[in-house]
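Taken in order, the sequence shown gives residues 1 to 143; the numbers are from the UniProt record's numbering.
All residues carry an ideal CB built from backbone N, CA and C; glycine is no exception.
See structure below.
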Amino acid sequence: MTTADSNTGSDSTPEIPEEHFDATLGLEVLGATPELVTARVPVEQKIRQPFGIVHGGVYCSIAEAVASIGTWLGVRDDGKIAMGLANQTSFLRPISSGFIHASATPCHTGRTTWVWDVEMKDDEGRLAAVSRMTIAVRELPTN
1 MTTADSNTGS
11 DSTPEIPEEH
21 FDATLGLEVL
31 GATPELVTAR
41 VPVEQKIRQP
51 FGIVHGGVYC
61 SIAEAVASIG
71 TWLGVRDDGK
81 IAMGLANQTS
91 FLRPISSGFI
101 HASATPCHTG
111 RTTWVWDVEM
121 KDDEGRLAAV
131 SRMTIAVREL
141 PTN
């Protein structure tokens, strides 16, 4: 969701084209505003590591996706785009089935960066991972 060619639904929730990485993960955006993004990812074999739990990189990817979506919604009317700049993710509890439920809220909304706190929980509401995401705000490329 870091490209300007992304479509939006009638409720401003971004639609993720099938050929994008977020769709490969199975990311389903449940709600999206510049103040809160919620999403979920089904736990399938393709996102598990060899020991049957969700691969750590998946949590990092979810965090970047939801923070980028929220930032983009906040800056798109100014002709800007959003892209990951820094990602610090801590893994607290493994998930091996069900869904990963993500919730992201911004703690800084600046001219060139936005910083987000992202929580990822299992189906029982137990915290599985937390991320602090910094998203760069840039001009739309002309090429």
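CA-CA distance, proline 141 to alanine 82, rounds to 11 angstroms.
Excluding sequence positions up to five before and after glycine 31, its CB lies within less than 6 angstroms of the CB of Thr38, all in the same chain and listed in chain order. Between the C-alpha atoms of phenylalanine 91 and arginine 126 there is a straight-line separation of about 12 angstroms. Secondary structure in the stretch 5-76: the alpha helix (DSSP H) runs of 4 residues or longer, each lying completely within the stretch, are 21-25, 56-75 in chain order. In the structure shown, aspartate 117 adopts extended strand secondary structure according to DSSP, grouped into three states.
With a contact defined as Cβ atoms closer than 8 angstroms, serine 131 and alanine 65 miss out at about 11 angstroms. Annotation: asparagine 143 is outside any beta strand (DSSP E) and is labelled neither H nor E by DSSP. Distance from the Cα of isoleucine 100 is smallest, within the candidate group Gly26, Pro50, Arg138, Ala67, for Gly26. Between lysine 121 and the set His108, Ala136, Thr109, Ala104, the nearest pair of CA atoms involves Ala104.
By the CB criterion at 9 angstroms, valine 54 and valine 43 fall inside the cutoff. Just measuring C-alpha positions, the residue of Ala67, Gly79, Val58 sitting nearest methionine 133 is Ala67. Classified as exposed, proline 50 has fewer than 16 neighbouring CB atoms from the shown chains inside 10 Å of its CB. Sequence-distant Cβ neighbours of tyrosine 59 in its own chain, meaning closer than 6 angstroms and more than five residues away, are Thr89, Met120, Ala129.
Relative to arginine 111, the option among Ser61, Ala86, Gly98, Asp78 whose CA is nearest is Asp78. Taking a contact as a CB-CB distance under 8 angstroms, the pair leucine 85 and threonine 113 counts as one, their CB atoms being some 7 angstroms apart.
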